[in-house]
Amino acid sequence: MILSGCPILEFLKLDYCDDDLRVLDLRNSLRLRTLEVIRPFFSGHPSQVQIVAPHVRCLKLENSLSLCTLVDLSSLAEAKLYNSSHRLQSNIHDPLGVTVQKMAEMFEKLKNVEKLTFGSNFLKNLSLPELRSVPFPMFKIKALTLETLFAEDGYVIPAAIEKLLQHSPDLKKLTLNTRTPNTNPILWRKSRWEAELKHMATSIELLVLSFKYDTEFNLRYKSGMAYYCVFDIPLYSVFFTK
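full-length UniProt numbering numbers the first residue of the sequence shown as 1 and each following residue consecutively.
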């Protein structure tokens, strides 16, 4: 009733709505462009939510790894997927095969977006052995943003990143938001940051070049404590900036 009374609504955020939310029908919200749905991660009986939002251009889902069914998102251009925990989240009544199927259906609905963002925990979930069988469609992504963490013993590319790059033939720009679980500047010296960043850049460079042929690579970086890097493909650069 509230939504039907807001015909000029452009942004909607549903924060920790769970038990009473079954169908989110936004067909009458003609001006709605951004939708955020955040589900509680720890819930004994999480409900499935069907999302019907044909006018939405940007969708953000958090803790919805297998708990949202995307029915109609025909205008979607950008999607952001996050989890608040690296542990696998699913309906406790669903066998693993059903979770894999739901993930495959979600990706099929997102395959035509031009911008896609994956949080670090979401990537960890996708890299778990239980979900490596999830089939990926051939995405039409042009700009892909991935959050990835440094590890204590060096950076290892998550399996999900490699799989995403394999299924993104139209990719033009890859952005990595990088951070470490311990950002204490006393424990993480500047030299160590730079060494880890360079190792990560080299790893990603080799991976990208294995999928993209006749490309050039130029590395430039500035020192700082918080970094992101940008790959422009096929002629791309990597930037590490504050």
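In this text, a Cβ means the ideal position worked out from N, Cα and C, and glycines have one as well.
Predicted model only: the values in this text are computed from it and were never measured.
In whole angstroms, give me the CA-to-CA distance for residue i and residue j.
i, j, result
"Val-208", "Arg-57", "28 Å"
"Ala-79", "Gln-101", "19 Å"
"Thr-34", "Val-113", "14 Å"
"His-199", "Arg-132", "25 Å"
"Ile-38", "Cys-17", "7 Å"
"Leu-206", "Lys-124", "21 Å"
"Ser-127", "Leu-30", "37 Å"
"Leu-73", "Ala-195", "42 Å"
"Leu-26", "Leu-59", "13 Å"
"Phe-11", "Ile-161", "30 Å"
"Asn-28", "Pro-7", "7 Å"
"Arg-22", "Glu-105", "18 Å"
"Thr-202", "Leu-9", "45 Å"
"Asn-178", "Leu-149", "It should be pointed out that residue 178 corresponds to Thr in this sequence rather than to Asn. About 6 Å."
"Leu-176", "Gly-97", "31 Å"
"Ser-223", "Leu-174", "With a pLDDT of only 38 at Ser-223, under 50, the local geometry of the prediction cannot be trusted, and no value is derived from it."
"Pro-40", "Asn-63", "7 Å"
"Thr-69", "His-167", "22 Å"
"Ala-77", "Ser-210", "27 Å"
"Leu-165", "Pro-135", "14 Å"
"Leu-67", "Glu-36", "14 Å"
"Val-156", "His-55", "39 Å"
"Glu-147", "Pro-169", "20 Å"
"Gly-119", "Asp-20", "27 Å"
Taking Cβ positions, are residue i and residue j nearer each other than 7 Å?
i, j, result
"Val-71", "Gln-48", "no"
"Leu-171", "Ile-204", "no"
"Thr-99", "Thr-117", "no"
"Phe-139", "Lys-111", "yes"
Am I right that residue i and residue j are in contact with their C-beta atoms under 8 Å? What's the rounded C-beta distance?
i, j, result
"Asn-121", "Ser-84", "7 Å"
"Val-52", "Leu-24", "7 Å"
"Leu-81", "Leu-61", "5 Å"
"Pro-137", "Glu-108", "5 Å"
"Ala-143", "Lys-115", "5 Å"
Within the region 65–135, ranges of the beta strand (DSSP E) (whole runs, at least 3 residues)
The region 65–135 contains these whole beta strand (DSSP E) runs: 68–72, 78–82, 115–118.
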